[in-house]
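Notes follow once the structure below has been shown.
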Amino acid sequence: MRPINALIGLGLLFSQSLLAYELVPFEAQYKASRSGMNVGHASQTLTHLGRDQYKLEYHSKASLLFLSDVRTEQSLFKLQQQNIIPYKYRFSRTGTGKDKGISLLFDKANQLIKVNDNATLPWQGEIDNQLYQLDVRQRLAKGEDTFVYDTINDRGELRQQTFRVVGQETLQLPYGKLDCIKVEKVRENSPRETFIWFSPALDYQMVRLQQFKDGSEQADIQLTHFSRNPG
Numbered sequence: 001m002r003p004i005n006a007l008i009g010l011g012l013l014f015s016q017s018l019l020a021y022e023l024v025p026f027e028a029q030y031k032a033s034r035s036g037m038n039v040g041h042a043s044q045t046l047t048h049l050g051r052d053q054y055k056l057e058y059h060s061k062a063s064l065l066f067l068s069d070v071r072t073e074q075s076l077f078k079l080q081q082q083n084i085i086p087y088k089y090r091f092s093r094t095g096t097g098k099d100k101g102i103s104l105l106f107d108k109a110n111q112l113i114k115v116n117d118n119a120t121l122p123w124q125g126e127i128d129n130q131l132y133q134l135d136v137r138q139r140l141a142k143g144e145d146t147f148v149y150d151t152i153n154d155r156g157e158l159r160q161q162t163f164r165v166v167g168q169e170t171l172q173l174p175y176g177k178l179d180c181i182k183v184e185k186v187r188e189n190s191p192r193e194t195f196i197w198f199s200p201a202l203d204y205q206m207v208r209l210q211q212f213k214d215g216s217e218q219a220d221i222q223l224t225h226f227s228r229n230p231g
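All residue numbers for the sequence shown refer to the UniProt record's numbering, where the first residue is 1 and numbers rise by one.
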């Protein structure tokens, strides 16, 4: 069961560096539904830890009939010389079925990624499964319409993720009425579709995410609360 799976999500080191911009701490909360049925909630927060260090964190909890799914993602990164540099990532999933988790350590000095404190991968600029979300916001603000990222997913696998702008829409959400930019996750020859809406009025925060498989809705995550610099 994956009703809340992605809040949802770079070439040679720094050759495609994440765009740096003013990182304003925020807290966003969401409700999650599936085919009109409420299944749970999710949250995402960005925290300034001091000096050049930040934490991006995601939590979700979903249940449908006798199934349950609880997920946590945490990205620790630094803002140095106008670049966002990951240094630690953790993911955990519990609930119905097999529990799973992963930890990644990005070793800048040796250009290695340590997976679960044992296996290693050469680090060629890949980022974790969350940090691209901060970059998408800035690129949308600059008017760009296509985004490509090399990432390490929550299974420790190298994956390239591509997104493209498909239009603009006005949404009535639990948070309120918002003008949004609609983005599609590009998948070739896949039965799955993912659409994401970002709001310029809320610093291009993700305000809705909708997933389909074979034309059937799998998840619909909608913003209920957003605050900058939460206390």
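Glycine included, C-beta positions come from ideal geometry on N, C-alpha and C. Everything numeric in this text was worked out from a predicted model, so none of it was measured.
| Asked | Found |
| --- | --- |
| Measure the C-alpha to C-alpha separation of P174 and A32 and round it to an integer number of angstroms. | 11 angstroms |
| On the DSSP letters alone, give me the boundaries of the beta strand (DSSP E) that Q211 sits inside. | Q205 to K213 |
| Decide if F66 is buried, meaning its Cβ has at least 16 other Cβ atoms within 10 Å, or exposed. | exposed |
| Taking the alpha carbon of L105 as the point to measure from, which residue in D99, K88 and N118 has its own alpha carbon closest? | K88 |
| Any idea which residues DSSP pairs P86 with across the strands? | F77 |
| Considering only their Cβ atoms, is the gap separating K61 from G36 smaller than 7 angstroms? | no |
| Using CA atoms only, rank isn't needed, just tell me which of R228, I221 and Q218 is closest to A201. | R228 |
| Could you please give the first and the last residue of the uninterrupted beta strand (DSSP E) stretch that includes Y54? | Q53 to L64 |
| Give the range of the beta strand (DSSP E) segment to which V39 is assigned. | M37 to G50 |
| Determine the direct distance from the alpha carbon of N38 to that of I4, and round the result to whole angstroms. | Confidence at I4 is low in this model, with a pLDDT of 33, below 50, so its placement is unreliable and the value that follows should be read with caution. Cα to Cα, I4 sits roughly 12 angstroms from N38. |
| CB-CB under 6 angstroms to Q211, same chain, minus the five flanking residues each way: which ones, in chain order? | T194, Q218 and A219 |
| Does the count of Cβ pairs from the region 136–145 and the region 154–162 closer than 8 angstroms reach three? | no |
| Expressed to the nearest angstrom, what Euclidean distance is found between the alpha-carbon atoms of G101 and I181? | 32 angstroms |
| Measuring CB to CB, does L223 end up less than 7 angstroms from Y58? | no |
| Using 10 angstroms around the beta-carbon of L131, count the other beta-carbons present and answer buried if the total reaches 16, otherwise exposed. | buried |
| By how many angstroms is the C-alpha of G125 removed from the C-alpha of N110? | 12 angstroms |
| Ordered along the chain, which non-local residues of its own chain (more than five positions away) have a Cβ less than 6 angstroms from that of G95? | S68, D69 and V70 |
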